[in-house]
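Read through the structure below, which is laid out as structure tokens, and then see the notes.
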Amino acid sequence: MATAKTYGEFETAWCPGCGNFSIRQAVVKALVLLDLPPRRVVFSTGIGQAAKAPHYIRVNTFNGLHGRSLPAATGIKLANPELAVFAESGDGCSYGEGGNHYLAAIRRNIDITCIVHDNHVYGLTKGQASPTTPKGRRTKTQPHGAPSEAFNPVAVAVTMGAGFVARGYAGEVDHLADLIVQGARHAGFSLIDVLQPCVSFNKVNTYAWYKERCYRLGEDHDPTDRRTALERAMEFGDRIPLGVIWKHDRPAFGPMPEEPLARREPDMGVLASILQEYA
Amino acid sequence: MGEATINIVIGGEAGQGLVTVGEFLSRALVRAGYAIVVTQEYMSRIRGGHNTFAIRVGSARAYGPTETIDLLVALSADTLALHREALSPRALVLADAAHGLGDAPGLAIPYKELCPKPLYGNMAALGVLSSLLCLDPAWGIGLVEERFAKKGAEVVAANVGVFKASMDWAAGRQAAFACLPPPAAPEKRLMLHGNEAIALGALAAGVNFCSFYPMTPGTSVVQALIDHGDRMGLVAEQAEDEIAAIIMALGASYAGGRSLVSTSGGGFALMAEGVSLSGMIETPVVVVVAQRPGPATGLPTRTEQADLDLVLHAGHGEFPRAIFAPGTIEQCFHLAHRAVDTAECAQSPVFILTDQFLADSFRDVAPFDLTALAPVARPLTGIDAPAGYERYAVTPSGASPRLLPGFAEATVVLDSDEHTPDGHITEDLAVRVTMHDKRLRKSAGLAERALPPDLYGDPEGATLVVCWGSTLGVALEAAEIRNAREEKTAVLHFSQVWPFVGDAFLPILDKAGKTVMAEGNHGGQLARLIRRETGYVFDALVTRYDGLPFTAAYILERL
Numbered sequence: 017m018a019t020a021k022t023y024g025e026f027e028t029a030w031c032p033g034c035g036n037f038s039i040r041q042a043v044v045k046a047l048v049l050l051d052l053p054p055r056r057v058v059f060s061t062g063i064g065q066a067a068k069a070p071h072y073i074r075v076n077t078f079n080g081l082h083g084r085s086l087p088a089a090t091g092i093k094l095a096n097p098e099l100a101v102f103a104e105s106g107d108g109c110s111y112g113e114g115g116n117h118y119l120a121a122i123r124r125n126i127d128i129t130c131i132v133h134d135n136h137v138y139g140l141t142k143g144q145a146s147p148t149t150p151k152g153r154r155t156k157t158q159p160h161g162a163p164s165e166a167f168n169p170v171a172v173a174v175t176m177g178a179g180f181v182a183r184g185y186a187g188e189v190d191h192l193a194d195l196i197v198q199g200a201r202h203a204g205f206s207l208i209d210v211l212q213p214c215v216s217f218n219k220v221n222t223y224a225w226y227k228e229r230c231y232r233l234g235e236d237h238d239p240t241d242r243r244t245a246l247e248r249a250m251e252f253g254d255r256i257p258l259g260v261i262w263k264h265d266r267p268a269f270g271p272m273p274e275e276p277l278a279r280r281e282p283d284m285g286v287l288a289s290i291l292q293e294y295a
Numbered sequence: 008m009g010e011a012t013i014n015i016v017i018g019g020e021a022g023q024g025l026v027t028v029g030e031f032l033s034r035a036l037v038r039a040g041y042a043i044v045v046t047q048e049y050m051s052r053i054r055g056g057h058n059t060f061a062i063r064v065g066s067a068r069a070y071g072p073t074e075t076i077d078l079l080v081a082l083s084a085d086t087l088a089l090h091r092e093a094l095s096p097r098a099l100v101l102a103d104a105a106h107g108l109g110d111a112p113g114l115a116i117p118y119k120e121l122c123p124k125p126l127y128g129n130m131a132a133l134g135v136l137s138s139l140l141c142l143d144p145a146w147g148i149g150l151v152e153e154r155f156a157k158k159g160a161e162v163v164a165a166n167v168g169v170f171k172a173s174m175d176w177a178a179g180r181q182a183a184f185a186c187l188p189p190p191a192a193p194e195k196r197l198m199l200h201g202n203e204a205i206a207l208g209a210l211a212a213g214v215n216f217c218s219f220y221p222m223t224p225g226t227s228v229v230q231a232l233i234d235h236g237d238r239m240g241l242v243a244e245q246a247e248d249e250i251a252a253i254i255m256a257l258g259a260s261y262a263g264g265r266s267l268v269s270t271s272g273g274g275f276a277l278m279a280e281g282v283s284l285s286g287m288i289e290t291p292v293v294v295v296v297a298q299r300p301g302p303a304t305g306l307p308t309r310t311e312q313a314d315l316d317l318v319l320h321a322g323h324g325e326f327p328r329a330i331f332a333p334g335t336i337e338q339c340f341h342l343a344h345r346a347v348d349t350a351e352c353a354q355s356p357v358f359i360l361t362d363q364f365l366a367d368s369f370r371d372v373a374p375f376d377l378t379a380l381a382p383v384a385r386p387l388t389g390i391d392a393p394a395g396y397e398r399y400a401v402t403p404s405g406a407s408p409r410l411l412p413g414f415a416e417a418t419v420v421l422d423s424d425e426h427t428p429d430g431h432i433t434e435d436l437a438v439r440v441t442m443h444d445k446r447l448r449k450s451a452g453l454a455e456r457a458l459p460p461d462l463y464g465d466p467e468g469a470t471l472v473v474c475w476g477s478t479l480g481v482a483l484e485a486a487e488i489r490n491a492r493e494e495k496t497a498v499l500h501f502s503q504v505w506p507f508v509g510d511a512f513l514p515i516l517d518k519a520g521k522t523v524m525a526e527g528n529h530g531g532q533l534a535r536l537i538r539r540e541t542g543y544v545f546d547a548l549v550t551r552y553d554g555l556p557f558t559a560a561y562i563l564e565r566l
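Protein chains in written order, with our numbering: chain A, 17 to 295; chain B, 8 to 566.
Pasting the structure below:
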């Protein structure tokens, strides 16, 4: 049985009070609930403070380039379907630099759990607007206000027919852990967009701000109803819903290899007969 | 040399079936035991325009492309006018009677009479060609039967009927065209183009993962892999862009797949960050770059050798790499196989630099001996002491034991940031130096296994034509022509352009009377690289960058 200790204890490079700490806690809790030994788990991440996460959890780690957590995760899963593959990064990495990969991953629907630390700002590069920064918000590099409309990753995922779309909050660890568990158990691409305060660069979306607005979706929300799912996905203001926004059964990417590619050696007899087809 | 070979050019619009006729005739010639080199020229469009499929055929060797045409099959009305100037003194034109021959020597083929339906036009052209080349009709008929077997006996019979009738028709015209001499080596040969040979070499080395974004002329490597993918256990995925393609390949490689990506210059430009990532995380990937003229979109379907600088320098920071540049179909196969092994040994990106000409060039080749292939290095699926495992353990060679995740208790941690030996992010600058030195120590191993250039002929006091990649065939032809004139000439061909060891070839260059580098680019990229690395300055440079492959005549005129 895996326990929280299985995944180790590490010193981090995060700011005191950062939402990343509680997201890490939720991830570890989810791995324990899923009873996944570290050897079976791979975290693929990009670049940013969120992307450092697997350095602070004992798991297999592919900490690649900015924006590229999803294509790396896709390659990993295709090469070894026996691994539980998570892609984890921030909103700039996942929705900005990696925007095309995000759309492709939803379409491809390969069995990856995508956890996005969504703090509406670029933290590591010190406070520029991110794809989810609300239009008009002033930053040092957008002194007249962020000029573009914010990207709504949850609504896009619902619209594109992703199989599992959830929104969690860094301030609710147990709830978030449960969403990650559900996402990991879903066969196909799953998105868990995690609202996360940035204590250093986002002075608006604070713990208090979220506490005032976030509410958990109750029994009355039917996550299989796309119309209401889209309504909840668009709800981001005075009230912000947390939970499984939308899910539906959709065949996951396939066919997948039946065993890890590392176990496959080329069949030279077959290759010899292929060569003869060129005669 | 021209007398010993026949250059058959089939010209027409895209969509008229010239590739069908060309491939069919090429295969019949190879089966009959002839040597061929195909040069395909096509425009970047799906229908219309003017394309050619040239087959140079010889009883012993076919060298490479040549300018003069001995048999011109004019499928479109424009073909004759476009190639009139290139006809050799013995040339015949096979025109469509509907378009007419004008005053050109040749035959006006009455396709309407020979073919019950326009669909059979290809068969008529093939029948006439078979007759003029004195090919045993059995070769053509055998191919017709294979190709149409699935469509039933009636279709086979109809096609064979047109083929035979057209042969008879041509025989009755008594056209004055010297038959092909009998083939020198009638043992069994295969017909492959360069990109097919690269794919087969990669499969032989165990490549089982390919992610790609389509780009001419790189796509046909992927196509060949996919054609055999189900039987060979290969996973292929079309990525959303080239960035995703190479990152997926690295993810797969990390997890135990043997990865290859194939693209051309513009797509490769997007892959540059992934090349650098491969260098940092020491995860192998084989990258095929099939060159075409740039900058930017350039001439999408033509040939050039101008991406050596790009491939050599792509990716920020310093890390080891190797670049192969096959010059023949055999080298395409064997260097692709070697590239997979080299990438695993050096845990680095390894490149195969080919070009449109070689990519599309069908040739005859002896079946590859699969039993003679060297073993290919593999990553680890187990380890003795998992507790202390470090992915980037500092070693004398620079290469660390590469364990795959999921196979042992140890976790495998990679980071694109500078990292400690256990793979975790660090900003300890002393560790940085240690790790950077460790990575770059692998350069020595790559240099040790670098292939020296191949020398053809005696360089002593000779004109030495130096080239790389696809130029080999015509360089050898140019040398033969000059040697026949008693102008002593030898050829030095680089099938690996990075890394190289000067000691392996500088003594050869020093022996030569005159050294001439022939490169398909404007600046002489390999010549500059050799000068940078060794100080050697070539006496002369022959360049070509008009989108066409080198020919012997082109080189001879500039020597």
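Note that the Cβ used here is the ideal one computed from N, Cα and C, for glycine as well.
In this structure, DSSP gives K445 of chain B a helical state, which the three-state scheme calls helix. F205 of chain A and F275 of chain B have their C-alpha atoms spaced approximately 28 Å apart. Per DSSP, Q144 of chain A lies in no alpha helix (DSSP H) segment and is marked neither H nor E. About 6 Å separates the Cβ atoms of R97 of chain B and D77 of chain B, confirming a contact at the 8 Å cut-off. Between the C-alpha atoms of V372 of chain B and L197 of chain B there is a straight-line separation of about 5 Å.
Between R328 of chain B and F358 of chain B a beta carbon distance of about 7 Å is seen, short of the 8 Å cut, so the two are scored as contacting. Between N125 of chain A and F269 of chain A a beta carbon distance of about 5 Å is seen, short of the 8 Å cut, so the two are scored as contacting. Within 10 angstroms of the beta-carbon of C217 of chain B lie 16 or more other beta-carbons, which makes it buried. For secondary structure counted as the beta strand (DSSP E) over 3 or more consecutive residues, the region 29-100 of chain B holds these complete runs in sequence order: 42-48, 55-65, 76-81. Listed in chain order, the positions of the region 73-86 of chain A with a beta carbon within less than 7 Å of a beta carbon of chain B are R74, V75, N76, T77, F78, N79, G80, L81, R84. Taking CB atoms only, E425 of chain B has no neighbour in chain A less than 8 Å away. Per the DSSP secondary-structure output, M198 of chain B pairs in a beta bridge with B:D371. Around the beta carbon of E48 of chain B, a 10 Å sphere encloses 16 or more other beta carbons of the protein chains shown; the residue is thus reported as buried. A direct Cα-Cα distance of roughly 60 Å separates M50 of chain B from G187 of chain A. For N96 of chain A, the chain B residues whose Cβ falls inside 7 Å of its Cβ are A262, G263, G413, in order along the chain. Within chain A, no C-beta atom comes less than 7 Å from the C-beta of P117 of chain B; the nearest is roughly 34 Å away.
For I254 of chain B, the chain A residues whose Cβ falls inside 8 Å of its Cβ are G80, L81, R84, P87, A88, G91, in order along the chain. Under DSSP, C474 of chain B takes part in a beta bridge, and its partners are B:H500. Closest by C-alpha distance to G322 of chain B, out of A:L81, A:D51, A:V57, A:F59, is A:L81. The distance from the Cβ of A313 of chain B to that of C352 of chain B is about 29 Å, inconsistent with a contact at the 8 Å cut-off. By the beta-carbon neighbour count (other beta carbons within 10 angstroms, threshold 16), P267 of chain A is exposed.
V163 of chain B is positioned such that its CB atom lies closer than 8 Å to that of A156 of chain B. Per the Cβ contact rule, the region 16-23 of chain B is not in contact with the region 138-154 of chain B (fewer than 3 Cβ pairs under 8 Å). The beta carbon of R238 of chain B sits closer than 8 Å to some beta carbon of chain A. Annotation for G258 of chain B: no residue places its beta carbon closer than 7 Å to its own, counting only its chain and skipping 5 residues before and after. Looking at the DSSP output, T12 of chain B shares a beta bridge with B:G65.
In this structure, the CA atom of R68 of chain B is about 29 Å from the CA atom of A457 of chain B.
Around D248 of chain B, the beta-carbon contacts reaching into chain A at under 8 Å are N116. The region 113-124 of chain B makes no contact with the region 284-295 of chain A, as fewer than three CB pairs between them are under 8 Å. Of all alpha-carbon atoms in B:R52, B:I53, B:L32, the one lying nearest the alpha-carbon of I43 of chain B is that of B:L32. Boundaries of the beta strand (DSSP E) around D209 of chain A: 206-211. Contact between N218 of chain A and H133 of chain A fails: their C-beta atoms lie close to 12 Å from each other, not under 8 Å. Each residue's CA atom was taken as its position, placing P32 of chain A and R74 of chain A some 21 Å apart.
Using beta-carbon distances, P382 of chain B does not count as an interface residue toward chain A, since no partner is under 8 Å. V294 of chain B does not reach chain A, its nearest Cβ partner there being about 15 Å away, counting only Cβ pairs nearer than 8 Å. Distance from the CA atom of V498 of chain B to the CA atom of M255 of chain B, rounded to whole angstroms, is 40 Å.
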